[in-house]
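According to my numbering, the sequence shown is numbered sequentially starting from 13.
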Amino acid sequence: NISSHTLFNAMIPAEHLQRAGYIYDRSMREWCNKGASVDDDDSESPLPQHEVIKVGGSVSFMIDKVHECAGVISLEGQNPSIL
(Lines of atoms letter the chains of each structure in order from A and count residues from 1; the text may use other names and numbers.)
(Lines give C-alpha, C1' and ligand atoms only; values in the text may rest on other atoms or scores of the structure.)
Protein backbone atom coordinates (compact mmCIF):
# COMPACT_ATOMS: atom_id res chain seq x y z
CA ASN A 1 0.00 0.00 0.00
CA ILE A 2 1.10 3.54 -0.71
CA SER A 3 -0.05 6.19 1.77
CA SER A 4 -0.61 9.69 0.47
CA HIS A 5 -0.53 12.47 3.09
CA THR A 6 -2.68 10.40 5.49
CA LEU A 7 -5.86 11.62 3.73
CA PHE A 8 -6.36 8.42 1.81
CA ASN A 9 -4.69 5.14 0.98
CA ALA A 10 -3.77 4.14 -2.58
CA MET A 11 -2.72 0.66 -3.63
CA ILE A 12 -1.98 -1.37 -6.72
CA PRO A 13 -2.27 -5.12 -6.06
CA ALA A 14 0.83 -7.19 -6.83
CA GLU A 15 -1.11 -9.11 -9.49
CA HIS A 16 -1.69 -5.86 -11.43
CA LEU A 17 1.98 -4.89 -11.13
CA GLN A 18 3.04 -8.32 -12.38
CA ARG A 19 0.63 -8.09 -15.33
CA ALA A 20 2.18 -4.71 -16.17
CA GLY A 21 5.60 -6.42 -16.36
CA TYR A 22 7.03 -5.68 -12.91
CA ILE A 23 8.72 -8.05 -10.46
CA TYR A 24 9.49 -7.38 -6.79
CA ASP A 25 13.15 -7.32 -5.74
CA ARG A 26 13.09 -8.25 -2.04
CA SER A 27 16.68 -7.23 -1.40
CA MET A 28 16.18 -3.73 -2.88
CA ARG A 29 12.57 -3.45 -1.63
CA GLU A 30 11.35 -2.15 -4.98
CA TRP A 31 9.38 -3.20 -8.04
CA CYS A 32 11.21 -3.12 -11.38
CA ASN A 33 10.17 -4.04 -14.89
CA LYS A 34 11.08 -7.53 -16.14
CA GLY A 35 13.31 -6.11 -18.87
CA ALA A 36 15.53 -4.44 -16.28
CA SER A 37 18.98 -5.92 -15.87
CA VAL A 38 21.46 -4.71 -13.30
CA ASP A 39 23.77 -7.74 -13.63
CA ASP A 40 25.80 -6.77 -16.70
CA ASP A 41 29.27 -8.35 -16.84
CA ASP A 42 30.30 -6.12 -19.75
CA SER A 43 31.48 -2.91 -18.04
CA GLU A 44 31.92 -1.25 -21.46
CA SER A 45 28.20 -1.19 -22.21
CA PRO A 46 25.90 1.00 -20.11
CA LEU A 47 23.13 -0.58 -18.07
CA PRO A 48 19.77 -0.58 -19.83
CA GLN A 49 17.26 2.07 -18.85
CA HIS A 50 14.52 0.55 -16.70
CA GLU A 51 11.60 1.63 -14.61
CA VAL A 52 11.64 1.17 -10.85
CA ILE A 53 8.78 1.68 -8.39
CA LYS A 54 10.19 2.43 -4.94
CA VAL A 55 9.48 4.42 -1.78
CA GLY A 56 9.27 8.11 -2.59
CA GLY A 57 8.60 7.51 -6.29
CA SER A 58 5.62 8.73 -8.32
CA VAL A 59 3.28 6.37 -10.14
CA SER A 60 0.15 7.13 -12.10
CA PHE A 61 -2.57 4.50 -12.30
CA MET A 62 -6.19 3.98 -13.22
CA ILE A 63 -8.55 3.77 -10.24
CA ASP A 64 -10.29 0.41 -10.33
CA LYS A 65 -12.13 0.44 -6.97
CA VAL A 66 -12.87 2.92 -4.19
CA HIS A 67 -13.34 1.68 -0.62
CA GLU A 68 -14.41 3.62 2.48
CA CYS A 69 -14.23 2.48 6.09
CA ALA A 70 -14.58 4.67 9.17
CA GLY A 71 -13.98 7.80 7.10
CA VAL A 72 -10.78 6.53 5.47
CA ILE A 73 -10.84 6.35 1.68
CA SER A 74 -8.83 3.64 -0.06
CA LEU A 75 -8.20 3.68 -3.81
CA GLU A 76 -7.35 0.43 -5.57
CA GLY A 77 -5.67 0.81 -8.93
CA GLN A 78 -4.33 -0.92 -12.03
CA ASN A 79 -2.29 -0.07 -15.15
CA PRO A 80 0.65 1.57 -13.32
CA SER A 81 2.98 3.96 -15.10
CA ILE A 82 6.12 5.62 -13.74
CA LEU A 83 5.97 9.42 -13.85
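Even glycine gets a Cβ: it sits at the ideal position worked out from N, Cα and C.
Status (buried if at least 16 other CB within 10 Å, exposed otherwise) for residue i
{"i": "tyrosine 34", "result": "buried"}
{"i": "isoleucine 75", "result": "exposed"}
{"i": "leucine 29", "result": "buried"}
{"i": "cysteine 81", "result": "exposed"}
{"i": "isoleucine 85", "result": "exposed"}
Per DSSP, the bridge partner or partners of residue i
{"i": "glutamate 80", "result": "Ile85"}
{"i": "asparagine 45", "result": "Tyr34"}
{"i": "serine 72", "result": "Ser93"}
Per-residue DSSP class, three states only, for residue i
{"i": "glutamate 27", "result": "helix"}
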